[in-house]
Amino acid sequence: MDFDLTEEQSILKDSLDRLLADKYGFEDRKRHMAGPGGWSADMWGRYAEMGLMALPFAETDGGLGGTPVETMIVMESLGRALALEPYFATVVLCGAALRFGGNDDQRAELIPQVAEGALKLAFAQVERNSRYDLHHVEARAERDGGGFVISGRKSVVLHGDSADRLVVTARTAGSARDEGGIGLFLVDASAPGVSVRGYPTQDGLRAADIQLDRVAVGADAVLGDPEGGLALARRVVDAGIAALCAEAVGVMATLHALTIDYLKVRKQFGVPIGQFQVLQHKAVDIFVALEQSRSIAMFATMMADNEDDIERGRAMHAAKAEIGRNGRLAGENAIQLHGGVGMTMEYAVGHHFKRMTAIDITFGDADHHLRALAAKGGLLAA
Amino acid sequence: MDLRYSQEELAFRDEVRTFLADNLPEDIRQRLVDGERVDKDDLVTWSRALTAHGWAVPHWPVDHGGTGWDPMRQYIFLEETQKWPAPQPLAFGVNMVGPVIYTFGNAAQKARYLPRIANLDDWWCQGFSEPGAGSDLASLKTRAVRDGDHYVVNGQKTWTTYAQYADWIFCLVRTDPAAKKQEGISFLLIDMKTPGIEVRPIQTIDGGHEVNEVFLTDVRVPAENLVGEEHKGWDYAKFLLGNERTNIARVGMSKQRLARIRELAAMEMSSGRPLIEDERFREKLAAIEIELKALEITQLRVVAADARRGNTGRPDPASSILKIKGSEIQQATTDLLMRVMGPHALPYHGDEVEGSNELPIEPDYAASAAPGYFNFRKVSIYGGSNEIQKNIIAKAVLGL
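Taken in sequence, the protein lines are chains A and B. First residue of the first sequence: 3, per my numbering; consecutive thereafter. First residue of the second sequence: 186, per my numbering; consecutive thereafter.
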């Protein structure tokens, strides 16, 4: 058992943290948010130069052969800075779809483009009635000659308005909630019949509602098995959950640091408010939540590439539930400890709280995952 | 980073399991599974078995009977014995006074006390708390006045766990009433057979008899029983209390209790089906399991950090949360275990002070459920209450 980073991993962490400390202050972030696309093309280029986009892909596919630990490092750092770029959508989610579902041709075509930062992707899975169920798919992919014609509506596609291509879940057979009959399809975002309506999300990131109206794709657009794609969708989302847990640790670490700093400088009744025991104990609650989150995010990272769907799924349920619960506790307490200042848009802590909240309700909140884990017999069940 | 045990660590774990299977009497194990308290004889039996195998005090220096295991192996041993479950060694001896003696004691004290602590030839209890000195321990009043070759001790200690069995008590006593309160305290070893010591039981709300009051009236203690320097006792006490970073979370015990909860919940019926099939129950169970998994990894981070810095430096900041989270989880498990038994947790099976001649009421394994819940309210109070822990973290870790 070993909790240490390798030398290369330490270098990765240090250089990314340095870059973000230098280039991604609170005011920089505001500027990026207001710019075209709602994120920084300059930063995106720098990430690509550092090799972040290539990290999780096999070297034979044009990647750097990184493990989930590298993704954890990157996501935690991005979380600390509340980075806005579509790394999660492109590299983590759709990257996993390519890694686990792409055939040789698809990987050869797309991974090098992702790795150099030239191609942006988004995972179009959520629908109006799906909530957090990956098997709830109403969008349809009808066979048409050798290819498919896809119709349906996808909601809250993270960074869907930045994507060059979409990975769309659509039903090739069965009815809305069947586990079978689901496929994952690569769809060009500019293809006829695709309309994308982008918007900002509560946390300052971007998403899109995407209408697919008789969008024709070839047989080469299918990732994996067009009728048995649910397992692939689960792998994609599990990779996403592990990464979100790591991001949440970064977000929470900043929440915690900002709060401790504030308690030391804000004076009332003639003393720094951090001298009041009732506030100290709330600050410790945040600290405990952060450390427990760090631990469970490590657990999620270790399980992220596990081939056993059941074991991996249980681990992700546990991790996302713990992160959701702790993140909410840390975020709400951080706002409370800041008092009125915490309520203002112009101060950073509220933005971390909002990102924390968004992470909770992305791919299943704490209640959802607790229920799911319980239904599967719990974490310690043999 | 790799959170799996190495092949060597797995082999070691198997060795521990084999040892437990071969050496722990089944009746002792079963009493622990049933949530009963181990009695003195059980613990002595088990300590002798450990000594015979050289495993009584793994964390001690090798010169004094330690095994030389790295912190990870020490942790694996601890976790396996807790999960089995096997009795836990008497902490007052092997985890508290033992390390104080081998760190601060003189050669004669080491030779005299350490082997007898390891083998449980001497049963030790802890004389720290007083009626007026709980969370504010340094305000303790028990006086020790030097009189020739002796100290004469007068005062009262309380919450003294297992004083009724004890051969020795290690006491914090005030030797300089004029000094600042932390600077006038000394660390004395007192033979419980010395005239002037009276032990009175305190019955706790579970009906049990673990803790006592200890009255000391003109107790004459040889001056050679002073550990380290006079008036430096507070430093040794802080060392003793800060020394516990691997055993305080009790992850293995909580795992064992959760396994027991699963087992009982599969037998107990609720709404016409086994309780384990109830969704609400499963969610409560899963919620505790998740918290415990996070705590286990937090614990392992602390163990790994100790291994890296040779167990000497400042503890990892995460270690400070082990007591808080560990106690919360222990309380959640004892609560859930009682609720598994439902109304069958109600019958009172008599207490340890008065004794009971009644036949057990069925099901007998329910007898310890409610007392266990009541008893475990203690874990967020003893060893520095969770509120005191938060004060410590706020100051030492957060810098507030």
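From the three backbone atoms N, C-alpha and C, an ideal C-beta is built for every residue, glycine too. These numbers were taken from a predicted model, which means no experiment stands behind them.
So, helix, strand or coil for residue i, using DSSP?
i, result
"B/His335", "strand"
"A/Glu78", "helix"
"A/Lys32", "helix"
"A/Phe289", "helix"
"B/Arg216", "helix"
"B/Leu411", "strand"
"B/Glu642", "Nothing can be reported for residue 642 of chain B, as the shown portion of chain B is limited to 186 through 585."
"A/Val128", "coil"
"B/Phe355", "strand"
"B/Asn397", "strand"
"A/Asp180", "coil"
"B/Pro246", "coil"
"A/Leu382", "coil"
"A/Ser297", "helix"
"A/Ala141", "coil"
"B/Ile375", "strand"
For residue i and chain B, any beta-carbon pair shorter than 8 Å?
i, result
"A/Ile243", "no"
"A/Phe271", "no"
"A/Gly276", "yes"
"A/Met254", "no"
"A/Lys15", "no"
"A/Ile312", "no"
Residue i: buried (16+ other C-beta within 10 angstroms of its C-beta) or exposed?
i, result
"B/Glu481", "buried"
"A/Met1", "A query on residue 1 of chain A cannot be resolved here, the shown segment of chain A reaching from 3 to 384 and no further."
"A/Met345", "exposed"
"A/Lys269", "exposed"
"B/Lys575", "buried"
"A/Gln204", "exposed"
"B/Pro556", "buried"
"B/Asp307", "buried"
"B/Thr203", "exposed"
"B/Met452", "exposed"
What residue range is occupied by the uninterrupted alpha helix (DSSP H) comprising residue i?
i, result
"B/Ser287", "With the sequence shown as reference, residue 287 of chain B is identified as Tyr, and Ser is not the correct amino acid for it. It spans 283 to 289 - the alpha helix (DSSP H) in which B/Tyr287 sits, taken as one unbroken run."
"B/Asp226", "225 to 238"
"B/Ile509", "505 to 526"
"A/Phe278", "Neither: A/Phe278 is in no alpha helix (DSSP H) and is coded neither H nor E."
"A/Leu238", "In the sequence on display, residue 238 of chain A carries Val and not Leu. Note, A/Val238: alpha helix (DSSP H), 232 to 267."
"A/Ala99", "97 to 103"
"A/Trp46", "43 to 52"
"B/Ser324", "Element bounds for B/Ser324: n/a, residue is neither H nor E."
"B/Thr203", "192 to 208"
"B/Pro300", "292 to 303"
"B/Glu448", "436 to 452"
"A/Ala172", "Here A/Ala172 belongs to no alpha helix (DSSP H); instead the beta strand (DSSP E) covers 167 to 173."
Is residue i close to chain A? Criterion is C-beta to C-beta, closer than 8 Å.
i, result
"B/Val582", "yes"
"B/Lys478", "yes"
"B/Arg442", "no"
"B/Glu194", "yes"
"B/Glu264", "no"
"B/Lys510", "yes"
"B/Ile475", "yes"
"B/Ala408", "no"
"B/Leu188", "yes"
"B/Arg494", "no"
"B/Ala517", "no"
Would you give the residue range spanned by the beta strand (DSSP E) that residue i belongs to?
i, result
"B/Ser571", "Correcting the residue type first, residue 571 of chain B is Asn in the shown sequence and not Ser. It is not in any beta strand (DSSP E) - B/Asn571 instead sits in the alpha helix (DSSP H) that spans 571 to 581."
"A/Ile312", "Premise fails: A/Ile312 lies in the alpha helix (DSSP H), 311 to 340, not in any beta strand (DSSP E)."
"B/Pro556", "Run containing B/Pro556: none in the beta strand (DSSP E); it sits in the alpha helix (DSSP H), 554 to 560."
"B/Pro532", "From DSSP, B/Pro532 is part of no beta strand (DSSP E); its letter is neither H nor E."
"B/Trp309", "309 to 312"
"A/Gln213", "208 to 219"
"A/Tyr201", "196 to 202"
"A/Leu160", "149 to 160"
"A/Ile13", "From DSSP, A/Ile13 is part of no beta strand (DSSP E) but of the alpha helix (DSSP H) over 9 to 25."
Could you name the residues of the region 519 to 536 of chain B whose beta carbon sits closer than 9 Å to any beta carbon of chain A, in the order they occur along the chain? none
Which residues, taken in chain order from the region 316 to 349 of chain A, show a beta carbon closer than 9 Å to some beta carbon of chain B? Ala317, His319, Ala320, Ala321, Ala323, Glu324, Arg327, Asn328
Quick one, which residues of the region 282 to 309 of chain A are near chain B if we go by CB-CB under 7 Å, in chain order? Of all residues in the region 282 to 309 of chain A, those with a C-beta nearer than 7 Å to a C-beta of chain B are Gln282, His283, Ala285, Val286, Phe289, Val290, Glu293, Gln294, Ser297, Ile298, Met300, Phe301, Met304, reading in chain order.
Relative to chain A, which residues along the region 552 to 576 of chain B have a C-beta separation below 9 Å, given in chain order? Here the close residues are Glu572, Gln574, Lys575, Asn576.
Residues in the region 357 to 372 of chain A having any Cβ partner in chain B nearer than 8 Å: Leu372
Check each residue of the region 61 to 91 of chain A: if its Cβ is closer than 9 Å to any Cβ of chain B, include it; give the result in chain order. Thr69, Val71, Met74
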